[in-house]
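Structure, as C-alpha cells:
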Amino acid sequence: MMRLFCLPFVLLLLLNSSSAIAEQELIGTTQIVTGQMLDAHYPNLVFDPGRKVLSFTGEARVVNAPLTQAAILGIHFDYLDQNGIEQIVPLPNFYQEAIPADGTLVTINAGPVILPYCPDLVSIHFELIQPEDAIVEFQGIFDHTCIPIPEPTTLSLALLGGIVAVRRRRVG
C-alpha cells in the first residue's frame with residue numbers, strides 16, 4: 044500500500060521539477076566598427092539560490108570585405124556582485140573571435156562562464172579590436188541561465204533511489 048502512495052508522489056516531483064531556468068536574449072543583426080564598444084545589460088528575472096551560466100552563440104562577418112587581415116571581435120561578460128560592484132569575466136582576457144577578412148560568415152561562441160550565484164544584473168560587451176576601418180556585422184543569442192542548487196531533478200532522483208533502497212530492504 045505504501046508503495047502505491049510513494050511512487051506517484053515521486054513521479055509527480057520529477058515531472059514538475061525544473062533543473063534550469065533559461066533566460067535568453069536575442070541580439071539582432073548589429074554592425075560595429077573598429078574601436079567601438081557595444082554594451083547590453085539584462086536584469087535577472089529569477090532569484091533562485093544557484094549558479095548563473097553566461098554564454099553567447101551567434102554569427103559574424105566582415106561587411107567591408109576584403110580586408111588585409113582578419114577582424115578581431117572581443118566579447119566579455121560582467122555582472123553586479125552582492126555589493127553592487129561590477130565584476131568582469133573572464134579575467135584577465137576576454138574572448139577574441141577571428142572574423143575572416145573575405146566576408147565569410149562564421150559561427151562565434153563565447154563561454155560558458157559559470158558565476159557562483161544569480162546576480163541582479165548581467166551584461167555582455169562587444170568590441171571590434173582590429174583592423175582599422177573594419178566593419179563587422181553580428182547577431183546571436185546571449186544566454187544567462189540560472190541553475191538552482193540543488194537541482195530539483197537530481198534531488199528527486201536521489202529521493203526515488205532512497206525509496207527503492209528502503210523498499211528492497213523490506214522485501215528481502
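With positions in the sequence shown counted from 1, the corresponding number in this note's numbering is that position plus 43.
Idealized CB from N, CA, C, for every residue including glycine.
* Going by DSSP, what residues sit across from Thr77 in a beta bridge? -> Working through the sequence shown from its first residue, we reach residue 77 at position 34. Bridge partners of Thr77: Leu171.
* To do: Taking only the alpha-carbon atoms, compute the straight-line gap between Arg210 and Ser199 and give it to the nearest angstrom.
  => For the purposes of this step, residue 210 is identified with residue 167 of the sequence shown, where counting begins at 1. For the purposes of this step, residue 199 is identified with residue 156 of the sequence shown, where counting begins at 1. Approximately 16 Å, taken between the alpha carbons.
* **Residue environment, His119, which counts as buried when at least 16 other CB atoms sit within 10 Å** => Taking the first residue of the sequence shown as 1, we reach residue 119 at position 76. Residue burial annotation: His119 is buried, with at least 16 other C-beta atoms found within 10 angstroms of its C-beta.
* Asked: So what does DSSP say about Leu97, is it helix, strand or coil?
  -> As a position in the sequence shown, residue 97 is number 54, starting the count at 1. In this structure, Leu97 counts as strand in the three-state DSSP scheme.
* Can you have a look at Asn126 and say buried or exposed, based on whether 16 or more other CB atoms are within 10 angstroms of its CB? => Walking along the sequence shown from the start, residue 126 turns up at place 83. Per the 10 Å Cβ criterion, exposed.
* Asked: Hey, Phe181 and Glu68 are a contact pair by Cβ (cut 8 Å); roughly how many whole angstroms apart?
  -> Mapped onto the sequence shown, residue 181 falls at position 138. Mapped onto the sequence shown, residue 68 falls at position 25. In fact, because the Cβ distance is near 14 Å, the residues do not count as touching under 8 Å.
* Asked: What do you reckon, are the CB atoms on Asn107 and Cys161 nearer than 8 Å?
  -> Sequence index remark: in the sequence shown, residue 107 carries index 64 (1-based). Sequence index remark: in the sequence shown, residue 161 carries index 118 (1-based). No, these two residues do not count as a Cβ contact at 8 Å.
* Asked: Given that a residue counts as buried once 16 or more other Cβ atoms are within 10 Å of its Cβ, and exposed if not, what is Leu54?
  -> To locate residue 54, count along the sequence shown from 1; it is residue 11. Summary for Leu54: the model assigns pLDDT 45, below 50, so the residue's position carries little reliability, and this model does not support an answer.
* To do: In angstroms with no decimal places, state the Cα-to-Cα distance between Asp82 and Gly117.
  => Counting from 1 along the sequence shown, the entry for residue 82 is found at position 39. Counting from 1 along the sequence shown, the entry for residue 117 is found at position 74. Computed Cα separation, rounded: 12 Å.
* Evaluate Leu164 with the Cβ neighbour count: other Cβ atoms within 10 Å of its Cβ, from every protein chain shown; 16 or more gives buried, anything less gives exposed. => Locating residue 164 in the sequence shown gives position 121, where the first residue counts as 1. Classification of Leu164: exposed, given that the 10 Å Cβ count is below 16.
* Alpha-carbon spacing of Thr188 relative to Gln130, whole angstroms -> Within the sequence shown, the letter at position 145 stands for residue 188. Within the sequence shown, the letter at position 87 stands for residue 130. Near 18 Å, if we compare the C-alpha coordinates of Gln130 and Thr188.
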